[in-house]
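J.: Line order of the protein sequences matches chains S and W.
Heads up, this note's numbering is the position in the first sequence plus 368, with the first residue counted as 1.
Heads up, this note's numbering is the position in the second sequence plus 4, with the first residue counted as 1.
Glycine residues also receive a C-beta, built at the ideal position from the N, C-alpha and C atoms.
Structure in structure tokens, see below.
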Amino acid sequence: MDAKRESEPTPMKNRTTVERKSERELVVTRTFDGPARIVFEAWTKPELFMRWWAPKSMGVPLLSCEMDVRTGGKYRLEFGQDASNSMAFFGKYIEVTPDSRLVWTNDEGGEGGPVTTVTFEEKGGKTLLVMHELYPSKEALDAAGTGAADAMPEQFEQLDELLVTLGASAGRL
Amino acid sequence: MVQYAQARLDASFAALSDATRRGVLEQLGRADASITELAEKFHMTLTGMKKHVGVLEQARIITTEKVGRVRTCTLGLRRLEEEAAWIERYHQLWSARFDELDKIVEELKRKEKVDGRKKRK
Chain S
369 MDAKRESEPT PMKNRTTVER KSERELVVTR TFDGPARIVF EAWTKPELFM RWWAPKSMGV
429 PLLSCEMDVR TGGKYRLEFG QDASNSMAFF GKYIEVTPDS RLVWTNDEGG EGGPVTTVTF
489 EEKGGKTLLV MHELYPSKEA LDAAGTGAAD AMPEQFEQLD ELLVTLGASA GRL
Chain W
5 MVQYAQARLD ASFAALSDAT RRGVLEQLGR ADASITELAE KFHMTLTGMK KHVGVLEQAR
65 IITTEKVGRV RTCTLGLRRL EEEAAWIERY HQLWSARFDE LDKIVEELKR KEKVDGRKKR
125 K
């Protein structure tokens with residue numbers, strides 16, 4: 369291991385934490401070096417939101433983003449390589465408090481979707497962001513996790529298939 | 005992420021490159037088995053089978069659990085590991101998103117400063 373490389377400074381990078389708080393809850397936290405009104409703006413203006421929500425490493429571009437950011441307003445995001453092969457995520461805002469709190473539903477998965485609450489807390493010019501996802505049940509959160517496994521590189525899918533085939537040929541599945 | 009994926013793939017394919025180990029996977033596809041049972045089935049010494057099981061376990065294709073004096077092998081990841089793996093992927097995604105968001109925050113801060121100066125003039 370090259371210890372030196374690890375200790376190289378990476379300026380301005382704050383740590384992102386992810387925690388499964390309970391059977392039904394996931395919590396992501398991150399601090400940003402700017403006031404809450406600016407961070408909030410980046411979450412609520414489509415032209416800004418589109419620039420960060422689908423980073424290159426995600427592998428799927430965000431094709432479109434519509435957001436009517438007010439209580440009861442709807443949003444819709446479409447991901448995909450092109451319009452003919454896209455996947456939509458949608459829901460509605462159930463609470464919008466400028467610069468401090470956003471709550472929305474995730475309805476694309478039917479009843480199993482979580483309610484997402486994002487809070488923006490400003491302190492000394494920095495903003496602590498807490499994103500809280502509450503799933504209707506433990507099973508729904510587990511299923512979302514398994515769904516995330518679908519986003520694995522395709523080589524893994526092939527390996528998984530191979531393992532399924534091995535299991536099937538042995539008469540287990 | 006890419007490095008992690010690459011390492012896991014290397015380990016997986018290395019694990020599957022051996023006929024005995026593929027046989028062990030088929031066997032475990034039928035039912036869980038102890039290392040002793042596997043050694044007998046494949047006409048091997050216990051030490052030899054332990055090595056094969058170790059390779060499969062490191063590649064995270066199987067898991068083992070010791071109860072009393074018997075180590076039982078099972079096909080697939082432990083639930084806990086599966087959860088850790090997807091939380092790690094989720095973490096990667098949000099870290100990448102927030103690194104991009106940092107850039108926008110910096111940009112908007114600069115813009116506010118410039119606009120502020122204009123207003124004062």
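1. Nearest to Gln31(W) by CA position, among Thr78(W), Asp119(W), Val118(W), is which residue?
2. With distances taken Cα to Cα, identify the nearest neighbour of Arg73(W) among Ser38(W), Leu20(W), Trp98(W), Ala18(W).
3. Step through the CB atoms of chain W and report whether any lies within less than 8 Å of the CB of Glu409(S).
4. To the nearest angstrom, how far is the alpha carbon of Leu445(S) from that of Thr495(S)?
5. Throw me the rounded Cβ distance for the Leu502(S) and Thr397(S) pair, which I believe falls under 8 Å.
6. Nearest-angstrom Cα distance between Pro403(S) and Arg75(W)?
7. State whether the region 382-389 of chain S contacts the region 463-474 of chain S, with contact taken as three or more CB pairs (one from each stretch) at a distance under 8 Å.
8. Under a CB-based cut-off of 8 Å, is Asp384(S) close to chain W?
9. Does the beta-carbon distance from Phe400(S) to Asp103(W) come in below 8 Å?
10. Am I right that Val464(S) and Val109(W) are in contact with their C-beta atoms under 8 Å? What's the rounded C-beta distance?
11. Does any residue of chain W bring its CB to less than 8 Å from the CB of Trp472(S)?
12. If you follow the alpha helix (DSSP H) that Val59(W) is in, where does it begin and where does it stop?
13. Keeping to the same chain, check which residues put their C-beta closer than 8 Å to that of Thr439(S); ignore five residues upstream and five downstream.
14. Can we say the region 477-497 of chain S touches the region 419-427 of chain S, given the rule of at least three CB pairs closer than 8 Å?
T.: On the basis of the data shown:
1. Thr78(W)
2. Ser38(W)
3. Answer yes: the Cβ-Cβ gap between Glu409(S) and chain W drops below 8 Å somewhere.
4. 25 Å
5. Incorrect: roughly 15 Å between the Cβ atoms, too far for contact.
6. 56 Å
7. no
8. Correcting the residue identity first, residue 384(S) is Thr in this sequence and not Asp. Between Thr384(S) and chain W, the shortest Cβ-Cβ separation is below 8 Å.
9. no
10. Contact flag wrong, Cβ pair sits at about 20 Å.
11. no
12. 50-62
13. Excluding sequence neighbours, Thr439(S) sits near Tyr461, Ile462, Glu463, Val464.
14. no
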